[in-house]
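Note sheet for the following structure.
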Amino acid sequence: QAQFVESGGGLVQAGGSLRLSCVVSGITFRTIAMGWYRRPPGKQRDLVASISSTGISNYADSVKGRITISRDNAEKILYLEMNSLTPEDSAVYYCNGHRYQFPWGQGTQVTVYS
């Protein structure tokens with residue numbers, strides 16, 4: 535079964551950077567479009583960025599230009615490089631399939647303070 539283990543979150547000052555990682559198992563990772571999602575406190579979980587099996591990426595308008603999604607198909611790892619962070623980026627971040635969501639992992643907490 536699909537498993538996602540997210541890591542790399544933390545407490546960071548506004549303007550700082552973080553790199554999130556998601557180790558994926560139980561699915562044929564290289565053939566599946568993937569996404570990073572986030573759930574801010576008290577809000578719903580939304581898609582932040584997606585990447586196709588061939589590496590084509592798309593981003594939510596709120597993060598465009600500041601965030602880069604990438605994937606390592608050999609190691610089955612999904613990455614999210616985040617720069618110029620703002621308090622509005624504070625959330626629990628999750629990875630999952632893009633077009634189809636498997637059971638969710640625990641996520642990784644990102645907290646940005648000003």
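Residue 535 is where the sequence shown starts when you use the numbering used here, and the numbers rise one by one after that.
The beta carbon of each residue, even a glycine, is placed where N, CA and C say it ideally should be.
- For E609, the secondary structure class from DSSP, reduced to helix, strand or coil, is coil.
- Boundaries of the beta strand (DSSP E) harbouring F538: 537-541, taken from the DSSP string.
- Within the DSSP bridge table, the entry for L545 names T645 as partners.
- Across the structure, L612 and K577 are spaced so that their CA atoms are roughly 24 Å apart.
- The DSSP-derived three-state label of D595 is coil.
- Judged by pairs of C-beta atoms under 8 Å, the region 545-553 touches the region 605-622, as three or more such pairs exist.
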